[in-house]
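Using this note's numbering, read the sequence shown as starting at -7 and increasing by one per residue.
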Amino acid sequence: MKLTSAVGIAGAFCALIPSCAENGQTIFIRQIQAVEAPECTFNSDVTALTTPSGFLDMGIASHYVIHPLVGNQLLSRGEPRQSRAEPNRVLIEGAEVELLTPSGAAVNLGGGLANPFSVIATGTIDPTTSADATYGVTSVEVIPPVVLQAYRRANFAGAPIGTTLAIHAKIKVFGRTLGNTAVETGPFTYPITVCYGCGVQVPADAIDSTVSSRNCLAPLSTSAGGSAQKTICAVGQDAFTDCRVCQGVIPLCTPCSTDAECSTMLSPVSGGPARCNTASFFCE
């Protein structure tokens, strides 16, 4: 994915447009909607389950996505009887993301990547007809694949499995009303715990007792329809990942006893052939 410097896009979004509102009185981020298996759905209900912080295993995940609930406080100005279209409906166009350390310093992403940066986000939020905001939900890729790979190489190369760090993602969602006024939320900070290889579980029922070596070969439980039950919405994101979901494809999801069991996969850090880590007994 190609990232765009937020200084060039979102940072200058309102400065370049005479009719622009960025004071938090137009649109704002209320909360981050939670997504749970097996349904893995989310909506714009303010009473829905929310998540105050995130979790990301950079050893097995490919990116990280959150679902902000965005409020629109602009009053409806449309008048059908006078053939006047609604100008205050908001179209979400993107988000500015800045990744920070807990102390507030910008994270060095490496590889010449910009921080902050902007990503595409979409959605529509109707105007309100009262003092209460109306809400819409969007999806923001706060850690795109290219950022995750660069951060992983810079911070986890040579690190033992289980190494944990913290990132604070400062997010601003921006867009435009149908009346052509640019709008932007104030900043919303979302803490994310990131680790290397700490998000994989080998449940007792995943082990095939007929196989002598360390393994994850027993099948997942099936639903009434006969299909395997979904245990996670996205590998390595916001929940522990059952090894059966990703073994044989992702090294750190694959238990091992010998290097030969890992040879068909590539190491997430070095990019070379994976080997069996004799301390954790996972491919790496």
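Built from N, CA and C at the ideal position, the CB exists for glycine as well.
With the cut-off set at 8 Å, would you say Phe20 and Gly63 are in Cβ contact?
Counting from one through the sequence shown, the residue named residue 20 turns up at place 28. Counting from one through the sequence shown, the residue named residue 63 turns up at place 71. Contact flag set, yes.
Three-state secondary structure (DSSP) at Leu209?
As a position in the sequence shown, residue 209 is number 217, starting the count at 1. Leu209 falls in the coil class under three-state DSSP.
Would you grab the beta carbon distance between Ile58 and Val132 for me? Rounded to a whole angstrom, and I think it's under 8 Å.
What you label residue 58 is simply residue 66 of the sequence shown in a count that begins at 1. What you label residue 132 is simply residue 140 of the sequence shown in a count that begins at 1. Ile58 to Val132, Cβ: 6 Å. Contact.
On the DSSP bridge assignment, give the partners of His160 in chain order.
Stepping through the sequence shown from its first residue, residue 160 is reached at position 168. His160 pairs with Leu92 and Pro183.
Quick one, which of Leu91, Gly191, Pro152 and Phe180 has its alpha-carbon nearest Leu159's?
Here residue 159 corresponds to residue number 167 of the sequence shown, with the count starting at 1. Correcting the residue identity first, residue 159 is Ile in this sequence and not Leu. Among Leu91, Gly191, Pro152 and Phe180, the Cα nearest to that of Ile159 belongs to Leu91.
On the criterion of 16 or more Cβ atoms from any shown chain inside 10 Å, does Cys32 qualify as buried, or is it exposed?
For the purposes of this step, residue 32 is taken as residue 40 along the sequence shown, with counting starting at 1. Answer is exposed; the Cβ neighbour count stays below 16.
Suppose the cutoff is 8 Å on Cβ atoms and the five residues either side in sequence are ignored; what does the same chain contact list for Met257 look like?
For the purposes of this step, residue 257 is taken as the residue at position 265 of the sequence shown. Hits under 8 Å: Gly240, Val241, Ile242, Pro243, Thr246, Pro265, Ala266 and Cys275.
Starting from Leu61, trace the beta strand (DSSP E) in both directions and tell me its first and last residue.
The residue you call residue 61 lines up with position 69 of the sequence shown. Looking at the DSSP string, the run of the beta strand (DSSP E) that includes Leu61 is Pro60 to Asn64.
Locate the beta strand (DSSP E) running through Phe313, then write down its first and last residues.
Lying outside -7 to 276, the shown extent of the chain, residue 313 is not represented and no answer is given.
Compute the Euclidean distance between the alpha carbons of Asp37 and Ser204, then round it to the nearest angstrom.
As a position in the sequence shown, residue 37 is number 45, starting the count at 1. As a position in the sequence shown, residue 204 is number 212, starting the count at 1. Distance between the alpha carbons of Asp37 and Ser204: 50 Å.
Cβ of Leu48 within 8 Å of Cβ of Gly189?
Residue 48 sits at position 56 when you count from the first residue of the sequence shown. Residue 189 sits at position 197 when you count from the first residue of the sequence shown. The answer is no: Cβ separation not under 8 Å.
Does the stretch 81 to 101 touch the stretch 118 to 138, meaning 3 or more C-beta pairs lie closer than 8 Å?
yes
Quick check: does the Cβ of Arg206 come within less than 7 Å of any heavy atom belonging to the ligand FMN?
What this structure holds is no ligand at all, so the ligand FMN is not there to describe.
Considering only residues of the same chain and omitting the five flanking positions on each side of Thr169, which have a CB-CB separation below 8 Å?
Indexing the sequence shown from 1 puts residue 169 at position 177. Counting only Cβ-Cβ distances below 8 Å, and skipping sequence neighbours, we find Leu66, Pro79, Asn80, Arg81, Val82, Leu83 and Val175.
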